Amino acid sequence: GYRVSLQGNFFGRNHTYITFPEYNPRKHIKLDPPSNIQSNTTASKCQIWWSVPWYLAEILQYELQYKESGLSWEIASNKTSPSSLPQIEIEASELRHGTAYIARVRCKVSEEEDSYRSQWSEWSQTTVFKRADVPKLSEKILNTRTMQFLLIPLSFSMVLCLFWNCKLSSRYCCFLTSGQKASPALTFLHQLLIFSHSIICTMGILR
Numbered sequence: 006g007y008r009v010s011l012q013g014n015f016f017g018r019n020h021t022y023i024t025f026p027e028y029n030p031r032k033h034i035k036l037d038p039p040s041n042i043q044s045n046t047t048a049s050k051c052q053i054w055w056s057v058p059w060y061l062a063e064i065l066q067y068e069l070q071y072k073e074s075g076l077s078w079e080i081a082s083n084k085t086s087p088s089s090l091p092q093i094e095i096e097a098s099e100l101r102h103g104t105a106y107i108a109r110v111r112c113k114v115s116e117e118e119d120s121y122r123s124q125w126s127e128w129s130q131t132t133v134f135k136r137a138d139v140p141k142l143s144e145k146i147l148n149t150r151t152m153q154f155l156l157i158p159l160s161f162s163m164v165l166c167l168f169w170n171c172k173l174s175s176r177y178c179c180f181l182t183s184g185q186k187a188s189p190a191l192t193f194l195h196q197l198l199i200f201s202h203s204i205i206c207t208m209g210i211l212r
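Be aware that the sequence shown starts at 6, since it is given in the numbering used here, and climbs by one per residue.
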């Protein structure tokens, strides 16, 4: 360590004052703020990330502030990162629809680090984000009903086509693997059942 002293002349006399008898620079660090802060929003969350020097990444902790655009930082919300990863997530439930938000972040050496100590850095540059919009329930229902109305006449047309093809080929017979003959009616019924099953599955997926 180092010894830090202060010298001064008072009333014509020199005085020396020892301010830090053992000063260790590693215990008094102030870091540069994180850089390149960015954000990305989805329907469920907003992810904010930034950059720090790679050789410090594992020993830092972070504090994020975010607020509605136009409001004071004094009433901003704060979040701390649960890990040393340079990113923090904000749940969509914490954000208002159609409102622009501003976020910034700062860093310091983690409290769990024994070799170094630091104070908080200055705040980083800001990033602006909004809560992502989700499709309205009425739009989803409308799209589902539209597909259903399209599938109903299509299904009816397919049934007619199958019936007509079966009628035209009534002079032919299908042979089963056992060597027995299957009637055209049974063949048509089998095809109809397969087609009906596929339609039912499609309708279930659309719901």
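Each residue gets a CB set at the ideal place from its N, CA and C atoms; glycine is no exception.
Please read all numbers here as calculations on a predicted model, not as lab measurements.
| Check | Outcome |
| --- | --- |
| Roughly how many whole angstroms lie between the Cα atoms of Leu90 and Ser126? | 17 Å |
| Identify, in the order they occur along the chain, each residue of the same chain with its Cβ nearer than 7 Å to the Cβ of Asp37, setting aside the five sequence neighbours on each side. | Ser126 |
| Nearest-angstrom Cα distance between Ile27 and Ser56? | Strictly speaking, residue 27 in this sequence is Glu, with Ile absent from that position. For Glu27 and Ser56, the distance between alpha carbons rounds to 34 Å. |
| Determine the extent of the beta strand (DSSP E) in which Lys113 is found, giving its start and end residues. | Ala105 to Val114 |
| With DSSP as the reference, label Trp59 as helix, strand or coil. | coil |
| In its own chain, which residues sit with a C-beta less than 6 Å from the C-beta of Asn45, not counting the 5 before and 5 after it? | Gln52 |
| Report the partner residues of Ile93 according to the DSSP bridge assignment. | Ile53 |
| Could you give the distance in angstroms between the alpha-carbon of Ser40 and the alpha-carbon of Thr21? | 42 Å |
| I believe Tyr88 touches Arg109 by the beta-carbon criterion, under 8 Å. Please report the beta-carbon distance rounded to the nearest angstrom. | In the sequence on display, residue 88 carries Ser and not Tyr. Actually they are not in contact, since the Cβ atoms of Ser88 and Arg109 sit about 19 Å apart, beyond 8 Å. |
| Based on Cα-Cα distance, which residue from Arg122, Phe134 and Ala137 lies nearest to Leu61? | Arg122 |
| To which residues does DSSP link Asn41 through a beta bridge? | DSSP lists no partner for Asn41. |
| Should Gln124 go down as buried or exposed, given a rule of 16 or more other Cβ atoms within 10 Å for buried? | exposed |
| Taking Cβ to Cβ, would you say Ile42 is nearer than 7 Å to Thr104? | no |
| Helix, strand or coil for Glu68? Go by DSSP, reduced to three states. | strand |
| Could you pull out every residue in the same chain whose Cβ sits closer than 8 Å to the Cβ of Glu118, ignoring the five residues on either side in sequence? | Ile64 |
| From which residue to which residue does the beta strand (DSSP E) around Lys84 run? | Ser82 to Thr85 |
| Three-state secondary structure (DSSP) at Thr21? | strand |
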